[in-house]
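Note that the sequence shown covers residues 1455 to 1662 in our numbering. Just so it is clear, CB atoms sit at the ideal spot from N, CA and C, and this is done for glycine as well. Worksheet for the structure shown next.
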Amino acid sequence: MPCKVPVGVSSAICSVMMGFSAARPPGELIRDLVCAPTSDRTGSADSIAAAKPRAVLSAAVWPVYKAMPGWSSSKGFDDYLQDPRAWAISGSLDVAVPMTYPASATSTSYTVKSDLCANLDWTCLLNEHRLLIEQGAGRHVYIGVGAIKGWSEVQLQLAKGRGQFATGYSFYSFSQVDAFNGWTLLAESYFRFPAVIPVMGNPRASNV
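Below, the structure is given as structure tokens:
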């Protein structure tokens, strides 16, 4: 049966609403409903493209996309209804910025572990997001760096990022970098040479 679009409801959302009559998990339907406006022609991405074709749409996304073996963490896909991979593939998202940093200086979540892909290992998450977003969809990943853990952890993460050819970084947070004179340290070390922003596969963002 065709979807009869109510006034003020986009066709994409209407299509998702029709799915509630089918035998699909409620979480899947709700996620589709959340994501529908970003893929519909009246959604954010198309509105931005129409107003400023070279603008870049980014999103801060949950560190863990889906369940990882042996990990104890909430998942962006299941728990927060986020699907940055689908957003990137559809062209609705240009840059994913995973929030791969702990909430406190004492937490060991989202730090570099001695064993690759140990629970909440930063390097493992970098590799996963690059596989999903960059290799899978041709968009960018600017990985979160936990400045809240201090200069030693920042150095570890940047070294791992360079080794894995990370496209870009996002530091959490500005005030935490200030706290250990981090901007000067970064300018004198890992970022002493100007960087050129890589070209995206998305035509409307390729000349930013």
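For F1647, the residue or residues it bridges with in DSSP: By 1-based counting over the sequence shown, the position of residue 1647 is 193. F1647 is not bridged to any residue.
Which value, in whole angstroms, describes the spacing of the CA atoms of F1531 and D1537? Here residue 1531 corresponds to residue number 77 of the sequence shown, with the count starting at 1. Here residue 1537 corresponds to residue number 83 of the sequence shown, with the count starting at 1. About 6 Å.
Specify whether the segment 1517-1526 and the segment 1559-1579 touch according to this definition: at least 3 beta carbon pairs, one from each stretch, less than 8 Å apart. Counting C-beta pairs with one atom in each stretch, the segment 1517-1526 and the segment 1559-1579 have three or more that are closer than 8 Å, which means they touch.
Which residues in the same chain as V1518 place their Cβ atom closer than 8 Å to its Cβ, once the five residues preceding and following it in sequence are excluded? Mapped onto the sequence shown, residue 1518 falls at position 64. Excluding residues within five positions, the ones whose Cβ falls inside 8 Å are W1525, S1527, S1528, K1529, G1530, L1574, L1579.
Secondary structure, beta strand (DSSP E): runs of 3+ residues fully inside the segment 1555-1639: You should have 1594-1600, 1622-1626.
Alpha carbon to alpha carbon, what distance is there between V1515 and Y1534? Sequence index remark: in the sequence shown, residue 1534 carries index 80 (1-based). Sequence index remark: in the sequence shown, residue 1515 carries index 61 (1-based). Straight through space, the alpha carbons of V1515 and Y1534 are spaced by roughly 10 Å.
Please state the DSSP three-state secondary structure of S1544. Within the sequence shown, numbered from 1, the residue matching residue 1544 stands at position 90. DSSP places S1544 in helix when its eight states are reduced to three.
Where do the ends of the alpha helix (DSSP H) carrying G1530 lie? Taking the sequence shown and counting its residues from 1, the one referred to as residue 1530 is at position 76. Residues 1530-1533.
Hey, quick one: how far does the beta strand (DSSP E) through P1552 stretch, first residue to last? Along the sequence shown, read from residue 1 onward, the residue named residue 1552 stands at position 98. Counting along the chain, the beta strand (DSSP E) containing P1552 begins and ends at 1549-1552.
A1542 and R1616: beta carbons closer than 7 Å? Counting from 1 along the sequence shown, the entry for residue 1542 is found at position 88. Counting from 1 along the sequence shown, the entry for residue 1616 is found at position 162. No, the pair does not count as a contact, with Cβ atoms beyond the cut-off.
Quick test of the definition: if touching needs 3 or more C-beta pairs under 8 Å, does the segment 1601-1620 touch the segment 1647-1655? Not touching, per the Cβ criterion.
Through-space distance from D1548 to L1610, alpha-carbon basis: Residue numbering aside, residue 1610 sits at position 156 when the sequence shown is read from its first letter. Residue numbering aside, residue 1548 sits at position 94 when the sequence shown is read from its first letter. Answer to the nearest angstrom: the Cα atoms are 27 Å apart.
To the nearest angstrom, how far is it from the Cα of G1604 to the Cα of N1581? As a working mapping, residue 1604 is identified with position 150 in the sequence shown. As a working mapping, residue 1581 is identified with position 127 in the sequence shown. Cα to Cα, G1604 sits roughly 22 Å from N1581.
Am I right that G1598 and E1607 are in contact with their C-beta atoms under 8 Å? What's the rounded C-beta distance? In the sequence shown, counting from the first residue as 1, residue 1598 sits at position 144. In the sequence shown, counting from the first residue as 1, residue 1607 sits at position 153. Contact between G1598 and E1607 does not hold, since the beta-carbon distance rounds to 12 Å and is not under 8 Å.
Status (buried if at least 16 other CB within 10 Å, exposed otherwise) for F1628: Position 174 of the sequence shown, counted from the start, is the residue given in the question as residue 1628. With fewer than 16 other Cβ atoms inside 10 Å of its own Cβ, F1628 counts as exposed.
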